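Asks:
Protein chains: 2
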Amino acid sequence: MTVVNHAALAVSTVIFALRPDDASALKTLWLPLVRRTRQPHEGQWALPGGWLPDAEQLADAAARTLHETTSLAPTYLEQLFTFGDVGRSPGHRVVSVVYWALVQSDEAARAAEGENVRWFAADQLPGLAFDHNKIVEYALWRLRTKVEYSRIAHAFLGDTFTLTQLREVHEAVLRRPLDPANFRRTLESSGTLVDTGRHVAGARHRPARLYRYDDSDAHSGHGPSGAPAPPHT
Amino acid sequence: MTVVNHAALAVSTVIFALRPDDASALKTLWLPLVRRTRQPHEGQWALPGGWLPDAEQLADAAARTLHETTSLAPTYLEQLFTFGDVGRSPGHRVVSVVYWALVQSDEAARAAEGENVRWFAADQLPGLAFDHNKIVEYALWRLRTKVEYSRIAHAFLGDTFTLTQLREVHEAVLRRPLDPANFRRTLESSGTLVDTGRHVAGARHRPARLYRYDDSDAHSGHGPSGAPAPPHT
DNA sequence: GCAAAAGTGTTGCGGGTACACCCATGC
DNA sequence: GCATGGGTGTACCCGCAACACTTTTGC
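Chains as they are written, first to last, in the working numbering: chain Z, 449 to 681; chain W, 449 to 681.
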């Protein structure tokens with residue numbers, strides 16, 4: 449078979465985690481970036497990623513580079529978009545298949561950070577290499593849009609969680625307060641929550657119920673059940 | 449710069465048009481396929497597409513192959529998904545950036561058709577080459593989902609149209625009847641329609657108003673105005 | 001008891017659906 | 001006039017936002 453093109457194929461990932469903001473009690477979205485150690489854009493911050501190995505699935509390559517930069521495993525990973533503008537990388541044509549990922553907040557606290565890996569507040573990014581600012585902006589829009597109609601918010605949390613914890617994730621992502629009463633009813637009537645029967649004690653108020661998500665598909669958040677979700681590859 | 453991967457980069461397009469179905473008065477979704485003239489899958493039907501030229505934008509490559517197979521220009525073109533499973537093409541790794549397109553129905557009637565290009569009803573496809581059946585299924589899901597919340601249906605029509613024509617497009621895509629009265633109000637209150645003042649005469653009933661779409665953005669169908677739409681590249 | 005957050009009840013508004021009804025044209 | 005689709009009016013239902021209220025804990 450003859451390969452007639454020479455564009456390089458890269459895979460990059462926008463990784464989101466929730467972190468407590470300084471001064472503000474609210475959690476905000478943060479993401480890890482890596483400093484480029486070679487041309488082009490040497491010294492600038494960029495999304496984690498790399499060339500696509502011949503024998504590796506696209507999503508696997510995204511999860512791997514994610515792990516290599518943060519030492520974390522994603523709880524959610526989905527293809528975002530493929531960026532391939534002719535001029536987006538100086539010198540050579542590069543087509544980047546970009547994924548976006550969510551990682552658990554408590555794990556993100558002990559994520560790797562070093563000279564060439566640093567976490568940034570998602571809405572206060574410096575000028576990034578290539579078209580990565582535009583990519584992050586689009587990923588943020590997708591995250592905020594999808595949180596409103598899908599059940600991805602729990603990817604920031606552990607297996608079990610209280611409704612208040614889940615509501616705080618929504619509030620942090622959407623940047624607006626939500627009514628606790630209505631939030632509770634909306635999720636309870638969605639049928640995706642399972643009451644574990646356990647409670648969280650210790651706080652000086654009524655103990656909150658612990659929930660977990662119903663994994664029996666049918667609630668994937670993509671149209672009517674049975675509809676094709678975005679391919680998982 | 450060192451290119452460290454050798455996966456081949458292809459661009460393919462799922463092209464939709466509405467055509468009158470035999471016997472049934474309703475229009476249904478059709479799409480053009482090309483017969484493969486070489487291995488692998490020689491003789492089988494496949495999506496139009498080709499290798500990505502070094503200096504061509506992704507969307508341009510999609511529009512070009514679309515034009516080469518159908519002699520048509522798309523009225524709507526959007527990136528669908530990038531398919532890159534390791535085993536999806538026998539022998540060599542192929543990553544396909546897939547677009548989906550809508551073409552006008554009246555033009556589709558005079559679209560090119562020949563020995564190696566043929567139109568098929570979208571829900572009665574034969575077994576296609578590679579993973580193209582899965583790709584079409586996903587494109588159909590995206591089209592049907594997006595018609596319900598976005599304003600893409602007019603891409604099947606000309607510059608001006610009656611509300612009945614637009615409703616028939618929705619009905620054909622969604623495969624269910626819609627109430628004419630409510631359909632009218634929903635669209636009128638959406639603020640995206642502009643009354644041209646002209647009417648369609650000649651039928652033996654009250655003449656229908658001709659509308660066109662308001663092009664002054666702000667109604668792109670992607671979240672709140674100003675939100676990043678899927679990159680247009 | 002008091003503070004604080006969990007959890008419940010209730011009301012009203014708005015968008016969508018169903019369906020009855022009037023309007024304008026060709027024949 | 002009559003048939004046919006264009007176009008309007010209206011009542012109902014349901015989901016959601018607002019907000020008052022009750023419950024259960026720690027101190």
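All C-beta atoms, glycine included, are put in the ideal place defined by N, C-alpha and C.
No experiment lies behind these values; they were computed from the predicted model shown.
Shorter than 8 Å from the beta carbon of F529 (chain W) to some beta carbon of chain Z?
Replies: Working through the second sequence from its first residue, we reach residue 529 (chain W) at position 81. F529 (chain W) counts as touching chain Z.
Asks: Within 10 angstroms of its Cβ, does R615 (chain W) collect 16 or more other Cβ (buried), or is it exposed?
Replies: Your numbering for residue 615 (chain W) matches position 167 in the second sequence. Classification for R615 (chain W): buried.
Asks: Does DSSP put R646 (chain Z) in a helix, in a strand, or in coil?
Replies: Mapped onto the first sequence, residue 646 (chain Z) falls at position 198. Correct three-state label for R646 (chain Z): strand.
Asks: Nearest to G535 (chain Z) by CA position, among W:D607, W:A549, W:Q505, is which residue?
Replies: Residue 535 (chain Z) sits at position 87 when you count from the first residue of the first sequence. Minimum Cα distance to G535 (chain Z) is reached at W:Q505.
Asks: Got a sec? Which residues, its chain only, sit under 6 Å from V543 (chain Z) by beta carbon, not counting five neighbours each side?
Replies: Here residue 543 (chain Z) refers to the residue found at position 95 of the first sequence. Excluding sequence neighbours, V543 (chain Z) sits near A455, L457, G532.
Asks: Counting only beta-carbon atoms, is L477 (chain Z) nearer than 8 Å to chain W?
Replies: Numbered from its first residue, the first sequence carries residue 477 (chain Z) at position 29. For L477 (chain Z), the answer is no, since every Cβ of chain W falls outside 8 Å of its Cβ.
Asks: Answer with buried or exposed for E420 (chain Z), where buried requires no fewer than 16 other C-beta atoms within 10 angstroms of its C-beta.
Replies: A query on residue 420 (chain Z) cannot be resolved here, the shown segment of chain Z reaching from 449 to 681 and no further.
Asks: I'd like to know whether the C-beta of G575 (chain Z) is nearer than 8 Å to at least one C-beta of chain W.
Replies: In the first sequence, the residue the question calls residue 575 (chain Z) occupies position 127. No, its Cβ sits nowhere closer than 8 Å to a Cβ of chain W.
Asks: Under 8 Å between beta-carbons, which chain W residues line up against V595 (chain Z)? List them in chain order, please.
Replies: Position 147 of the first sequence, counting from 1, holds the residue named residue 595 (chain Z). Near V595 (chain Z) there are no residues of chain W at all, since even the closest Cβ is about 12 Å away, more than 8 Å.
Asks: For the structure I just gave you, are there three or more beta carbon pairs, one from the region 550-562 of chain W and one from the region 625-640 of chain W, closer than 8 Å?
Replies: Result no; under three Cβ-Cβ pairs closer than 8 Å.
Asks: Using DSSP with H/G/I as helix, E/B as strand and the rest coil, what is E563 (chain Z)?
Replies: As a working note, residue 563 (chain Z) is residue 115 in the first sequence. In this structure, E563 (chain Z) counts as coil in the three-state DSSP scheme.
Asks: Pair every Cβ in the region 513-524 of chain W with every Cβ in the region 483-493 of chain W, then say whether three or more of these pairs are closer than 8 Å.
Replies: No, the region 513-524 of chain W does not touch the region 483-493 of chain W.
Asks: Consider the Cβ of D571 (chain W): report whether some Cβ of chain Z lies at a distance smaller than 8 Å.
Replies: Stepping through the second sequence from its first residue, residue 571 (chain W) is reached at position 123. No, its Cβ sits nowhere closer than 8 Å to a Cβ of chain Z.
Asks: Closer than 8 Å by C-beta to P538 (chain W): which residues in its own chain qualify, once you throw out the five before and the five after it? Chain order, please.
Replies: Translated into positions along the second sequence, residue 538 (chain W) becomes position 90. Around P538 (chain W): P488.
Asks: Can you tell which of Z:R657, Z:S638, Z:A494, Z:R599 has the C-alpha that lies nearest to the C-alpha of N581 (chain Z)?
Replies: In the first sequence, residue 581 (chain Z) corresponds to position 133, counting from 1. With distances taken between Cα atoms, N581 (chain Z) lies closest to Z:A494.
Asks: So what's R558 (chain Z) in DSSP terms, helix, strand or just coil?
Replies: As a position in the first sequence, residue 558 (chain Z) is number 110, starting the count at 1. Residue state, collapsed to three classes: coil.
Asks: Can you pull the DSSP bridge partners for T476 (chain Z)?
Replies: Numbered from 1 along the first sequence, position 28 holds the residue referred to as residue 476 (chain Z). Looking at the DSSP assignment, T476 (chain Z) forms a beta bridge with Z:R467.
Asks: Closest Cβ-Cβ distance between H489 (chain Z) and chain W: below 8 Å?
Replies: Numbered from 1 along the first sequence, position 41 holds the residue referred to as residue 489 (chain Z). No, H489 (chain Z) lies away from the interface with chain W (no Cβ there is under 8 Å from its Cβ).
Asks: Between T461 (chain Z) and P501 (chain Z), how many whole angstroms is the CB-CB distance? I'm expecting something under 8 Å.
Replies: For this step, residue 461 (chain Z) is matched to residue 13 along the first sequence. For this step, residue 501 (chain Z) is matched to residue 53 along the first sequence. The Cβ separation is near 15 Å, so there is no contact.
Asks: For the alpha helix (DSSP H) holding A620 (chain W), just list the boundary residues, first then last.
Replies: Along the second sequence, one-based indexing puts residue 620 (chain W) at 172. Looking at the DSSP string, the run of the alpha helix (DSSP H) that includes A620 (chain W) is 611-622.
Asks: Could you name the residues of the region 540-560 of chain Z whose beta carbon sits closer than 8 Å to any beta carbon of chain W, in the order they occur along the chain?
Replies: The residues in question are H540, R541, V543, V545.
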